[in-house]
Amino acid sequence: MTFNELLLEAIKCDDELLAYSIYWLIKNNVVKGTDFANNINWNLVNHEDVKQMRERNELNLQIIKVYTVPLGNKQHMIIFAQSEESAKGHVYTEVGRIPTKIFDISNKMDMSFWFPEQQKNKSLRQVKDETLIFPATVMIFEKG
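Just so you know, the numbering used here puts 11 at position 8 of the sequence shown, and the rest follows in order with no gaps.
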């Protein structure tokens with residue numbers, strides 16, 4: 004896999020830190036995009052520069068995160084949104100109240116759930132890729 008391919012994969016998987024680190028390596032001529040990306044020395048990356056590039060959003064990334072909100076009675080809502088504030092606003096629109104607790108579970112993007120209407124398991128990532136408008140309710144489920 005080349006650095007260009009790895010960069011595209013990082014963007015596709017919403018791995019913002021990896022995407023910007025690879026972008027920094029290419030932009031600063033430490034590697035070429037066409038070089039193979041094996042045995043990467045991450046110590047070469049200037050992490051302060053990467054932090055500033057992320058803050059400026061140089062790659063114009065629109066990272067969609069996954070949030071869960073307890074609704075009460077063991078029910079939880081899963082939401083796709085760009086920010087916690089956007090997710091809270093979505094909950095307010097959907098259920099008429101601002102949530103007191105909200106959890107970023109973006110690290111669970113590959114978790115699968117059964118979708119009875121489609122008669123199959125799908126990962127949150129698959130559902131996100133099929134979603135056109137954000138924020139969006141993924142599902143309401145009963146926990147434990």
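Where is the CB? At the ideal position from N, CA and C, for every residue including glycine.
Quick caveat: nothing in here was measured; it's all calculated off a predicted structure.
Using a Cβ distance threshold of 8 Å, Val72 and Pro102 count as a contacting pair. The alpha carbon of Asp113 has as its nearest neighbour, out of Lys68, His93, Ile105 and Pro119, the alpha carbon of Lys68. Contiguous beta strand (DSSP E) elements confined to the region 55-92 occur at 68-75 and 78-84, taking only those with 3 or more residues.
For Asn49, the secondary structure class from DSSP, reduced to helix, strand or coil, is coil.
Taking a contact to require three or more Cβ pairs closer than 8 Å, the region 36-53 and the region 71-90 do not qualify as touching. Excluding its 5 nearest sequence neighbours in each direction, Leu9 has C-beta neighbours in its own chain below 7 Å: Ile25 and Ala40, listed in chain order. In chain order, Ile14, Ala22, Tyr23, Tyr26 and Met56 place their CB closer than 8 Å to the CB of Leu62, counting only its own chain and leaving out the 5 sequence neighbours on each side.
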